[in-house]
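Written below as structure tokens is the structure these notes are about.
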Amino acid sequence: MEQENSKPILQLVSLISTGAEDYVREAFAKQKVTVVYHEESGDNQGVFCLAEDDDCVIAYAAFIRTDGIGSLLKMIEDSIKPYIAEECRELCCNVYGGNKKIIECIRSLGFTSDMEGYQFKYDLSSPGSLDETSVLWEQGFTPDMLEPFIVLFDGAYHQLLQDNGWETDRYQKDPEHFLRALTRYESAGGVRSFWLQSQLVGAYISEGQYIRDVVVAPEFQNRGFGRILLQSCVNRMSSLLPGRPIYLRVAASNQGAKRFYERNHFVECCYFAEHTYPRPDC
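Numbering (this note's numbering), first residue to last: 225 to 506.
Okay, here's the thing in structure tokens:
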């Protein structure tokens, strides 16, 4: 498909996430996209396509109108079932979060949810805040900080993971993996930690244009430290990537975090529901 003809498809896929849009754009450049359905008028307005490489097939569904939902769901099922039956490559399906019937359909086929949530974009036109971190001692990350980081991350995410029935204490259970990840982010200047005397109050991790984590220890929450860390992160990223957009993702179930980011000048720009098909025999 010519680049000009791919633009409306990419515009629809961007409703899911910027990462989805980037992946499909790259797949178009490699002629690795199959557009199963694309309509800009009629009962079902949107796109269903598949982008693939040697190791993975990812289906994308994004619709702004689904009046003829029955025929749409059948088309999606008929398109995906051969990949389920015949493929051993990783199979994923990412859906615009507003398409609830499509999400139900995908899950009925055996896909499991990886994450459902929102992507936010920082409003660059919002007034900047003064640096409020003077009460905290700011550092990066060194390997001797691993144990405080494990306690911080496991504690900060415990309630969210428990409420969703997800595995808790994952950092304590695999400290080597966490250490490797922190070391990699730190090597790119993406980890900042904030201390009150010898206590780790919180930390953030960024990567490129994306904020990956902003965490505050439970005993220090509701004291304004989250806002301080977030503004420090935004200021740092803005200085490193002037004029570039800043993004972050929030789980749909984490409504407290969603409201927090909205209060601090982040605007919802995408809504995603990401899935993987389990293949225990491949």
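Where a beta carbon is used, it is the ideal one built from N, C-alpha and C, also for glycine.
Note that the structure is a prediction, hence the values are computed from the model and not measured.
- Of the residues 359, 479, 414, the one whose Cα lies closest to the Cα of residue 465 is 414.
- Following the DSSP letters along the chain, one finds residue 459 inside the alpha helix (DSSP H) bounded by residues 449-464.
- DSSP, read as helix, strand or coil, puts residue 341 in strand.
- With contacts defined by Cβ atoms closer than 8 Å, residue 346 and residue 489 form a contacting pair.
- In the DSSP assignment, residue 437 is bridged to 429.
- Fully contained in the stretch 232-283 are the following alpha helix (DSSP H) runs of length 4 or more, in chain order: 242-253.
- With fewer than 16 other CB atoms across the displayed protein chains lying within 10 angstroms of its CB, residue 366 is exposed.
- With respect to the C-alpha of residue 423, the residue from 401, 363, 250 having the closest C-alpha is 363.
- If you draw a straight line from the Cα of residue 309 to the Cα of residue 403, it is about 38 Å long.
- Across the structure, residue 287 and residue 457 are spaced so that their CA atoms are roughly 34 Å apart.
- Spanning the alpha carbons of residue 386 and residue 375 requires a straight line of approximately 16 Å.
- Residue 229 sits in a helix when the DSSP states are folded into three classes.
- Between residue 311 and residue 281 a beta carbon distance of about 6 Å is seen, short of the 8 Å cut, so the two are scored as contacting.
- With 16 or more other Cβ atoms inside 10 Å of its own Cβ, residue 321 counts as buried.
- One Cα belongs to residue 417, the other to residue 307, and the distance between them is close to 44 Å.
- Judged by beta-carbon spacing, residue 303 lies within the 8 Å limit of residue 260, meaning their Cβ atoms are closer than that value.
- With fewer than 16 other beta carbons inside 10 angstroms of its own, residue 401 counts as exposed.
- For residue 407, there is no enclosing beta strand (DSSP E); the enclosing alpha helix (DSSP H) has its first and last residue at 399-411.
- In the DSSP assignment, residue 315 falls within the unbroken beta strand (DSSP E) covering 314-320.
- Look at residue 475 here: in three-state DSSP terms it is strand.
- Here residue 290 is buried. Its C-beta has 16 or more other C-beta atoms within 10 Å.
- With respect to the 8 Å criterion, residue 380 and residue 440 are classified as neighbours on the basis of their beta carbons.
- Judged by DSSP in its simplified three-state form, residue 416 adopts strand.
- For residue 438 against residue 453, the beta-carbon gap comes to about 6 Å, under 8 Å, which counts as contact.
- Under the DSSP assignment, residue 307 falls in the alpha helix (DSSP H) whose first and last residues are 293-310.
- In the displayed model, residue 424 falls within a strand according to three-state DSSP.
- With at least 16 other beta carbons inside 10 angstroms of its own, residue 318 counts as buried.
- When the beta-carbon positions are compared, residue 472 and residue 335 stay at least 8 Å from each other.
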